[in-house]
Amino acid sequence: RWLAARGFLRPGGANWKDPPGEAPSVLLDDTWEPTPLGAATVGAGLGPADALEVAAALRCRHGVDYGGVAPEYALLHRLYLTAPLQQNVLGGWAHWAAFGDALKDAGKGAREVFKLCGGCEAHVARRARGLAATAESEAKNVPGTPDRVCRRFALALLLHDRIGLGPGHHQGPVQQEDGTWGRNQTSSGTPSFAAAFAARYREHAGPDASLTKCEGGDVDNYSRDAATLARRLEYFCRKLAW
27 RWLAARGFLR
37 PGGANWKDPP
47 GEAPSVLLDD
57 TWEPTPLGAA
67 TVGAGLGPAD
77 ALEVAAALRC
87 RHGVDYGGVA
97 PEYALLHRLY
107 LTAPLQQNVL
117 GGWAHWAAFG
127 DALKDAGKGA
137 REVFKLCGGC
147 EAHVARRARG
157 LAATAESEAK
167 NVPGTPDRVC
177 RRFALALLLH
187 DRIGLGPGHH
197 QGPVQQEDGT
207 WGRNQTSSGT
217 PSFAAAFAAR
227 YREHAGPDAS
237 LTKCEGGDVD
247 NYSRDAATLA
257 RRLEYFCRKL
267 AW
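Each residue of the sequence shown is one higher than the one before, starting from 27 at the first, in the numbering used here.
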């Protein structure tokens, strides 16, 4: 019934008793058949909740005009669409505080994409103060909640760093006169989110604190997970004729 209510299943047509002159209304047995969404979900190897999340994000993508957006930020939005669904680099309050600061360091364009993806900076600030997510916003970690959007966007920013690595990339954070971090540049001029995130984390958690799950090997794993999800989404979209 849960799946039917969300468009994954519909009653098997042969199992309905049709009174003369009336619409089908009496279910003779509990037999169901998949809808196109259900078939696409199973074929892509996605869970129902994950499928609802990626479908909503992909529908949003159709309405996006990248005409006035810098190419690097258009890429960031596409990376969010394939960001791993089950990974999490935002743990305690210090991670959230560092994420909020590093997001500001990343620039206005990155924050606009964050908003486009459904992110809310006020929610990040709440989590950075050590406040629990509300029942409505988290709902036991159901995909698509504000926490989940933030976690996936942080992953997208890490992946964006990896794509921008090149001969002109400079390692290590640089602090500016205004106090912002992360202005070490990739070859394309994009600030390194990973460096800013690590530096801001130490500001909140202590100078000896180490930011885990954001090292090179970790990002390699996220990249492989993203590639796998991209293939699944390609099948998902083809089955839905998108």
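All C-beta atoms in this analysis are idealised placements derived from N, C-alpha and C, irrespective of residue type, glycine included.
Model, not experiment: these values are computed from the prediction.
State the Cα-Cα distance for the pair residue i and residue j, rounded to the nearest angstrom.
i, j, result
"W28", "F262", "21 Å"
"G242", "S249", "10 Å"
"K134", "E59", "47 Å"
"P62", "A253", "24 Å"
"H149", "T171", "11 Å"
"K141", "D244", "26 Å"
"R228", "Y99", "27 Å"
"R85", "A267", "13 Å"
"C143", "D127", "18 Å"
"I189", "A235", "27 Å"
"G47", "R87", "Any answer about G47 is weak, because its pLDDT of 49 lies below 50 and its placement is not dependable; what the coordinates show is given next. Their backbone Cα atoms lie some 43 Å apart in a straight line."
"F34", "P110", "22 Å"
"V139", "P233", "31 Å"
"A30", "L157", "35 Å"
Output needed for residue i: all residues of its chain with C-beta closer than 7 Å, excluding positions within five of it in sequence on either side, in chain order.
i, result
"H230", "A120, A123 and A124"
"L116", "W122, F125, C176, R177 and A180"
"N114", "R177"
"A96", "G135"
Give every residue of the same chain whose Cβ lies closer than 6 Å to the Cβ of residue i, excluding the five residues on either side of it in the sequence, and list them in chain order.
i, result
"H186", "L102 and L105"
"A66", "F262, K265 and L266"
"L237", "A224 and Y227"
"K239", "V115"
"L107", "A83"
With DSSP collapsed to three states, give me the class of residue i.
i, result
"R155", "coil"
"W268", "coil"
"L185", "helix"
"L35", "strand"
"P60", "strand"
"K239", "coil"
"T254", "helix"
"G144", "coil"
"P172", "helix"
"G108", "The amino acid occupying residue 108 in the given sequence is Thr; Gly does not appear at that position. Looking at T108 - three-state DSSP - the assignment turns out to be coil, as it is neither helix nor strand."
"P233", "coil"
"V80", "helix"
"V90", "coil"
"R228", "helix"
"L129", "helix"
"L116", "coil"
"S218", "coil"
"L72", "coil"
"E96", "Just to set this straight, residue 96 is Ala in the shown sequence, not Glu. Coil at A96, not helix or strand."
For the putative contact between residue i and residue j, defined by C-beta atoms under 8 Å, what is the C-beta separation to the nearest angstrom?
i, j, result
"F219", "L183", "4 Å"
"L78", "R36", "With a Cβ gap of about 16 Å, L78 and R36 do not count as contacting."
To which residues of the same chain is residue i closer than 8 Å at the C-beta, ignoring the five residues directly before and after it?
i, result
"V137", "For the sequence presented, residue 137 should be read as Arg rather than Val. Cβ within range, chain order: L129, K130 and E147."
"A151", "G126"
Give a yes or no on contact between the stretch 56 to 74 and the stretch 248 to 262, applying the rule of three or more CB pairs nearer than 8 Å. Contact check between the stretch 56 to 74 and the stretch 248 to 262: three or more CB pairs, one atom from each, fall below 8 Å, which counts as touching.
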